[in-house]
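Protein chains: 2
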Amino acid sequence: MPKDPGNGRPLDYPPSEKTQVKRLHERARYDRESAHAILDAGLLCHVGYVIDGQPYVTPTAYWREGDWIYWHGSSASKMLRKVKEGVPVCLTVAMLDGLVLARSGFHSSVNYRSLMAFGEAELVEEEAEKIRSLDSFIDRLTPGRAAEVRPPTSQEMKATTVLRMKLSEVAMKIRSGPPADDEEDYALDVWAGVVPIRTVIEAPEDDPRLKAGVAAPGYLDEIRINRLD
Amino acid sequence: MPKDPGNGRPLDYPPSEKTQVKRLHERARYDRESAHAILDAGLLCHVGYVIDGQPYVTPTAYWREGDWIYWHGSSASKMLRKVKEGVPVCLTVAMLDGLVLARSGFHSSVNYRSLMAFGEAELVEEEAEKIRSLDSFIDRLTPGRAAEVRPPTSQEMKATTVLRMKLSEVAMKIRSGPPADDEEDYALDVWAGVVPIRTVIEAPEDDPRLKAGVAAPGYLDEIRINRLD
């Protein structure tokens, strides 16, 4: 496996014309371990597709299994109906980790993790496999919950489309750490540093119609989204 | 001004074929007040554009002035070089506000705010206007900081492209509140409710090379991103 000369990581997703990061290439990653870490931290992706030359960017939840990204939604959704035709897709995941306040506006930035995956989606058609993948989506965030909720009806399954796309043409960019100022600017009397941004999961709020005696399950305290650690 | 029959809000951005929300239309908004509230809460958008039939979705920071969305970046950026040609763009902002855990997988959802804006970007060319808009970006998050940092050099200004797009074809979707379960499912012994997700700004971290005696400015305590309130 060829290695990235910049960081020694494997080039699991060899850079293509579309995915080669041209500027600030020290922020680039093309390895599977980084891709899985970004995808497993996030929950929200943005799916880009084209209808009659017009780009659309639809936010939606996703999950990962192996080297596949899954997403789902209503079978009536414009995005899903288009994307399941096997058209070119760009699926992007991005998480903000901090504001990078440099001594000049020019060097100010943000810390972030981002992944762009190019490809074509495929429909998960087989009913048992659809149910299994949707259960794994539930259990990914709330382990054990898939077995607790009321199972899907066949009508619900018909109304739900599940798509997946294999990771193959992938570009990641990650920035972390303090500002990188021009050498002479370090002498300025300007505060500089990083303001960390974090996604927190707050205390669960019972449904107002929660049945008496039903306790909040333990997995609610373990939910993690967008976390760096 | 015509009103939205669903919620009585003005249809400031009249629904078009692209922006008419077809399912769950009770989540739809087309009014300026909602658009400005979503845009002013967020920081990260996803810009969709097409090159040779291939969609690209690039995450980037944005800011709002009046009914215009601004974004910026390196003049060498593939996204900015393409988008400044006046091609069709879809710019999407989405924020997760919570997990909605219903008594079935089918009715489980997320609480969120999202905005999709369609249009063509225009270049902010005039140097004074470019500087003014970049200053307003800095001051939006950290009021007063634009006057503290080292001003941009003419070379930095050349290396920076600023684009803007007018809000005109805009679709918003907002979901909030508890799950909406099938009536018979309320009797199940399954916990249901909302797990709130919040973006928090943590304590600033001084640059390791911060000049001795430079104190952290007060505006660092006032930064708000993705907040609902």
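Chains as they are written, first to last, in our numbering: chain L, -7 to 221; chain U, -7 to 221.
Don't be surprised by glycine CBs; every beta carbon is placed ideally from N, CA and C.
What's the call for L/K76, buried or exposed, on a 16-neighbour Cβ count within 10 Å?
buried
Between the CA atoms of U/P200 and U/E117 - distance to the nearest angstrom
36 Å
What residues in its chain sit with their C-beta under 7 Å from that of L/K158, if we drop five residues either side in the sequence?
D59, W60, G111
Please decide whether U/D199 counts as near chain L, where near means a Cβ-Cβ distance under 8 Å.
yes
Would you kindly check if the distance between the Cβ of U/A86 and the Cβ of U/S263 is under 8 Å?
For chain U, the structure presents residues -7 to 221; residue 263 of chain U sits outside this window and is missing.
What is the residue span of the alpha helix (DSSP H) that U/V75 lies within?
Counting along the chain, the unbroken alpha helix (DSSP H) around U/V75 starts and ends at 70 to 75.
Measuring straight from C-alpha to C-alpha, what distance separates U/L16 and U/I193?
33 Å
Between U/I30 and chain L, is there a C-beta pair that is closer than 8 Å?
With 8 Å as the cut-off, U/I30 does not count as an interface residue toward chain L.
Do the stretch 78 to 98 of chain L and the stretch 42 to 59 of chain L make contact, defined as three or more Cβ pairs closer than 8 Å?
yes
When the cut-off is 8 Å and only beta carbons count, does L/G185 lie next to chain U?
yes
With respect to the beta strand (DSSP E) encompassing U/M108, which residues constitute its N-terminal and C-terminal limits?
First-last of the beta strand (DSSP E) with U/M108: 101 to 112.
Examine chain U for any beta-carbon lying closer than 8 Å to the beta-carbon of L/T153, and answer yes or no.
L/T153 does not count as touching chain U.
Please classify U/A184 as buried or exposed, where buried requires at least 16 other C-beta atoms within 10 Å of its C-beta.
Label assigned to U/A184: buried.
Whose Cβ in chain U lies nearer than 9 Å to the Cβ of L/S66?
R15, L16
Does the separation of the CB atoms of L/A74 and U/A179 fall below 8 Å?
In the sequence under discussion, the amino acid at residue 74 of chain L is Lys, which differs from the Ala named in the question. No, the Cβ-Cβ distance between L/K74 and U/A179 is not below 8 Å.
Cα separation between U/L272 and L/D4?
Residue 272 of chain U lies beyond the range of chain U shown here (-7 to 221); nothing can be said about it.
If you follow the beta strand (DSSP E) that U/A86 is part of, which residue opens it and which one closes it?
Following the DSSP letters along the chain, one finds U/A86 inside the beta strand (DSSP E) bounded by residues 80 to 93.
By Cβ distance, which residues of its chain are closer than 7 Å to U/D32, with the 5 residues on each side in sequence left out?
The residues are R56.
Whole-angstrom C-beta distance between U/L126 and L/G97, which should lie under 8 Å
6 Å
Applying the 10 Å Cβ sphere with the 16-neighbour rule, what's the burial state of U/I43?
exposed
If you draw a straight line from the alpha carbon of L/G40 to that of U/I217, how long is it in whole angstroms?
So the two alpha carbons sit approximately 24 Å from each other.
Contact belief for U/A53 with L/V102 at Cβ below 8 Å, rounded distance in angstroms
Right, their Cβ atoms sit about 6 Å apart.
Verify whether the separation of the beta carbon atoms of U/P(-3) and U/H99 is less than 8 Å.
Inclusion of U/P(-3) and U/H99 in the CB contact set at 8 Å is not warranted, their separation being larger than that value.
Which residues of the stretch 207 to 220 of chain U have a Cβ closer than 8 Å to any Cβ of chain L? Give them in chain order.
A207, A208, P209, L212, I215, I217
Does the distance between the C-beta of U/E118 and the nearest non-hydrogen atom of the ligand MG fall short of 7 Å?
Ligands in the displayed structure: none, and consequently the ligand MG is not present.
Comparing the C-beta of U/Y22 with each C-beta of chain L, is any distance below 8 Å?
no
Residues of the stretch 106 to 120 of chain U whose Cβ lies closer than 9 Å to any Cβ of chain L, in chain order:
S106, M108, F110
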